[in-house]
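*Asks:*
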Amino acid sequence: MSIALSRAIDVQTLPAQEILAMTLWAEAGTRPVRAIEALAATIMNRVRLAEEERVTHWGNGLSAVCRAPFQFSCWNRNHLRHLLMMAIPAGDPAFAICRRIALRAASGTLADPTGGATHAHDVDELPPWAIGVPPLAEIGSMLFYRLGPG
1 MSIALSRAID VQTLPAQEIL AMTLWAEAGT RPVRAIEALA ATIMNRVRLA
51 EEERVTHWGN GLSAVCRAPF QFSCWNRNHL RHLLMMAIPA GDPAFAICRR
101 IALRAASGTL ADPTGGATHA HDVDELPPWA IGVPPLAEIG SMLFYRLGPG
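Numbering (UniProt numbering) for the sequence shown: 1 to 150.
Now the structure itself:
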């Protein structure tokens, strides 16, 4: 499947793995591969928590976790990342990388370099939920944390 600049994307019909790849591209596509992998692992940790511990805050399933309200800015229709994500150029090399990582994550073959993180942010930001919480890892200028679904 190729996402082109000129056509509208119906995200409701996209496979979960493609939703993950789009999320990775929009949230970390300009970062090193290790950071993209770490974000993918973080998302998969949320998916596992939703399945194993019945955590419902993030949704149920890969697509729902990626698209949960207020979790990833790229799914906020009013955010610049959303507009960019909906117009990923066909043949974009960073998107090809994100697709490969999404395939590994969705198939369960991607190692988790974060130590079980459920949250992440850029090192230049400090969201309120991160205040006073020690990060588990710093990878590609991103900090990773394990928090409950709050």
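Note that beta-carbon positions come from the ideal geometry of N, C-alpha and C, so glycine has one too.
Hey, how far is the Cα of residue 169 from the Cα of P69?
*Replies:* Residue 169 is absent from the model: the chain starts at 1 and stops at 150.
*Asks:* Using only alpha-carbon positions, find the residue among G116, A137, Y145, E27 that is nearest to A130.
*Replies:* The residue given as residue 130 occupies position 130 in the sequence shown. Residue Y145 is the option with its Cα nearest to A130.
*Asks:* Less than 8 angstroms between C-beta atoms, sequence neighbours within five positions excluded: which residues of the same chain meet that for H82?
*Replies:* Reading the sequence shown from its first residue, position 82 is the one you call residue 82. So the list reads A26, S73, C74, W75, N76, once near-sequence residues are dropped.
*Asks:* Answer yes or no: does any C-beta atom of chain C fall closer than 8 angstroms to that of D92?
*Replies:* In the structure shown, chain C does not exist; there is a single protein chain.
*Asks:* Would you kindly work out how many angstroms separate the C-alpha atoms of R46 and W58, rounded to a whole number?
*Replies:* Locating residue 46 in the sequence shown gives position 46, counting from the first residue. Locating residue 58 in the sequence shown gives position 58, counting from the first residue. Whole-angstrom Cα-Cα distance: 7 angstroms.
*Asks:* Distance check for L39 and L110, CA to CA, integer angstroms please.
*Replies:* Within the sequence shown, numbered from 1, the residue matching residue 110 stands at position 110. Within the sequence shown, numbered from 1, the residue matching residue 39 stands at position 39. Taking the straight line joining both Cα atoms gives about 11 angstroms.
*Asks:* So, is A90 buried or exposed, given that buried needs 16 or more other C-beta atoms within 10 angstroms?
*Replies:* Taking the first residue of the sequence shown as 1, we reach residue 90 at position 90. Under this definition A90 is an exposed residue.
*Asks:* So which of P15, V33, A21 has the shortest CA-CA distance to S141?
*Replies:* Position 141 of the sequence shown holds residue 141. Comparing Cα-Cα distances from S141 to each of P15, V33, A21, the minimum goes to V33.
*Asks:* Give me the Cα-Cα distance between D124 and T23, rounded to the nearest whole angstrom.
*Replies:* Residue mapping note: residue 124 aligns to position 124 of the sequence shown, counting from 1. Residue mapping note: residue 23 aligns to position 23 of the sequence shown, counting from 1. The alpha-carbon atoms of D124 and T23 are separated by roughly 20 angstroms.
*Asks:* Within 10 angstroms of the Cβ of A96, are there 16 or more other Cβ atoms? Answer buried if so, exposed if not.
*Replies:* Indexing the sequence shown from 1 puts residue 96 at position 96. Per the 10 Å Cβ criterion, exposed.
*Asks:* Using only the alpha-carbon positions, how far apart do P135 and A35 sit?
*Replies:* Counting from one through the sequence shown, the residue named residue 135 turns up at place 135. Counting from one through the sequence shown, the residue named residue 35 turns up at place 35. The straight-line gap from Cα to Cα measures roughly 14 angstroms.
*Asks:* Can you list, in chain order, the residues of its chain whose CB lies under 8 angstroms from that of A94, leaving out five sequence neighbours each side?
*Replies:* Counting from 1 along the sequence shown, the entry for residue 94 is found at position 94. These residues qualify, in order along the chain: W25, G29, T30.
*Asks:* Hey, I19 and L62: beta-carbon distance below 8 angstroms or not?
*Replies:* The sequence position of residue 19 within the sequence shown is 19, counting from 1. The sequence position of residue 62 within the sequence shown is 62, counting from 1. Cβ distance < 8 angstroms, so I19 and L62 count as in contact.
*Asks:* Could you name the residues of the same chain whose beta carbon sits closer than 8 angstroms to that of E138, not counting the 5 residues immediately before and after it, in chain order?
*Replies:* Working through the sequence shown from its first residue, we reach residue 138 at position 138. So the qualifying residues of the chain are V123, F144.
*Asks:* Can you tell me whether DSSP reads residue 234 as helix, strand or coil?
*Replies:* Outside the displayed span of the chain (1 to 150) sits residue 234, for which this structure offers no information.
*Asks:* If Q17 sits next to L103, beta carbons under 8 angstroms apart, how far is it from one beta carbon to the other, in whole angstroms?
*Replies:* Working through the sequence shown from its first residue, we reach residue 17 at position 17. Working through the sequence shown from its first residue, we reach residue 103 at position 103. Right, their Cβ atoms sit about 6 angstroms apart.
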